[in-house]
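**Student:**
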Amino acid sequence: MSHTKSSLPCSVSGCQRPLHAGGLCKLHYYRLRNTGTTDDRKPPSASERFWSKVNKDGLLHPTLGTACWLWTASTCLSGYGTFGFRRRLIKAHRYSWELHHGTIPDGLFVLHRCDVSRCVNPDHLFLGTLADNAADRDCKGRQARGESCGTSRLTVEQVIAIRLRHRKGSSTDGSTALAREYKVHHSTIRNIISRFRWKHVE
Ligand SMILES: [Zn+2]
Ligand SMILES: [Zn+2]
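One point on numbering: in the numbering used here, the residue at position 21 of the sequence shown is 27, and numbering is uninterrupted.
Shown next, in the form of structure tokens:
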């Protein structure tokens, strides 16, 4: 019985796939090239991915006495960290709060004691109402705005969702697509993105 060269299996132990190059099958050859190892490494979990983007070695907060844990990856326009989770972009501080405490109850917001938008230290976060949030972020606003204004057709949650999802020119998350989905004029979406309207929403 004679083996031709091409009938030898891959040199990774236990792998019976045919050779492709370098003594390896196609799968192991490209995995080695792309990852530096033939081992099947599990992709990191969502929380591992999350904490890999956080710097916990910052300065102590002057009044809280513990360090702000700063989000080092992307942020949204208002300065909050954004984290890709289950194919959506969510706010990093909200994810941190949920990791430590569970689901955020409907209608409540995760607020910062430290006033550092990028901070995801759960000890610096607390739950509050939108009123707390607005009072926190915009003390001078006394006029009826946004959700409480008679002409408004979008809720605060919708405005936040629109800001998180909007991608310029996207066929599913561009201004035109979002306008269609939320049944508003596309100029309304553009105003939300540019913060011409709903300035008080985070
Ligand atoms: Zn192989
Ligand atoms: Zn902080």
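All C-beta atoms, glycine included, are put in the ideal place defined by N, C-alpha and C. Quantities reported herein were computed from a predicted structural model and do not represent experimental measurements.
Is the segment 118–128 touching the segment 99–106 in the sense that three or more CB pairs, one from each, lie closer than 8 Å?
**Tutor:** Output reads yes: the segment 118–128 touches the segment 99–106.
**Student:** Determine the burial state of residue 98: buried for a count of at least 16 other Cβ atoms within 10 Å of its Cβ, exposed for fewer.
**Tutor:** By the neighbour-count rule (16 or more Cβ atoms within 10 Å), residue 98 is buried.
**Student:** Would you check if there are 3 or more beta carbon pairs closer than 8 Å linking the segment 20–34 to the segment 53–67?
**Tutor:** At 8 Å Cβ cutoff, the stretches do not touch.
**Student:** Count the other CB atoms, across all protein chains shown, that sit within 10 Å of the CB of residue 164; report buried if there are 16 or more and exposed otherwise.
**Tutor:** Buried is the call here.
**Student:** Who does residue 15 pair with in a DSSP beta bridge?
**Tutor:** DSSP lists 24 as partners of residue 15.
**Student:** By a C-beta neighbour count over all protein chains shown, 10 Å radius and 16 as the cutoff for buried, is residue 53 buried or exposed?
**Tutor:** Looking at its Cβ environment, which holds fewer than 16 other Cβ atoms inside 10 Å, residue 53 is exposed.
**Student:** Report whether the distance from the Cβ of residue 60 to the nearest heavy atom of ligand 2 is below 6 Å.
**Tutor:** No, the beta carbon of residue 60 sits no closer than 6 Å to any heavy atom of ligand 2.
**Student:** Would you tell me roughly how many angstroms separate the C-alpha atoms of residue 194 and residue 115, rounded to the nearest one?
**Tutor:** For residue 194 and residue 115, the distance between alpha carbons rounds to 24 Å.
**Student:** Note down, in chain order, each residue of its chain lying with its Cβ closer than 8 Å to the Cβ of residue 23, except the 5 sequence neighbours on either side.
**Tutor:** Same-chain partners within the cutoff: 15, 16, 31, 32, 33 and 34.
**Student:** Can you name the start and end residues of the beta strand (DSSP E) that residue 95 belongs to?
**Tutor:** Residues 94–97.
**Student:** Taking the C-alpha atoms as reference points, what is the distance between residue 199 and residue 172?
**Tutor:** Looking at the two C-alpha atoms, the distance is approximately 8 Å.
**Student:** Buried or exposed for residue 186, please, with buried defined as at least 16 other CB atoms from any protein chain shown within 10 angstroms of its CB.
**Tutor:** So residue 186 ends up on the exposed side.
**Student:** Terminal residues of the continuous beta strand (DSSP E) containing residue 88?
**Tutor:** Its beta strand (DSSP E) spans residues 88–91.
**Student:** Does the beta-carbon distance from residue 170 to residue 95 come in below 7 Å?
**Tutor:** Against a cut-off of 7 Å, the Cβ pair of residue 95 and residue 170 comes out as a contact.
**Student:** Check this for me: beta carbons of residue 123 and residue 86, under 7 Å apart or not?
**Tutor:** In contact: residue 123 and residue 86 (Cβ atoms closer than 7 Å).
**Student:** Can you tell which of 18, 181 and 51 has the C-alpha that lies nearest to the C-alpha of residue 44?
**Tutor:** Measuring from the Cα of residue 44, the nearest candidate turns out to be 18.
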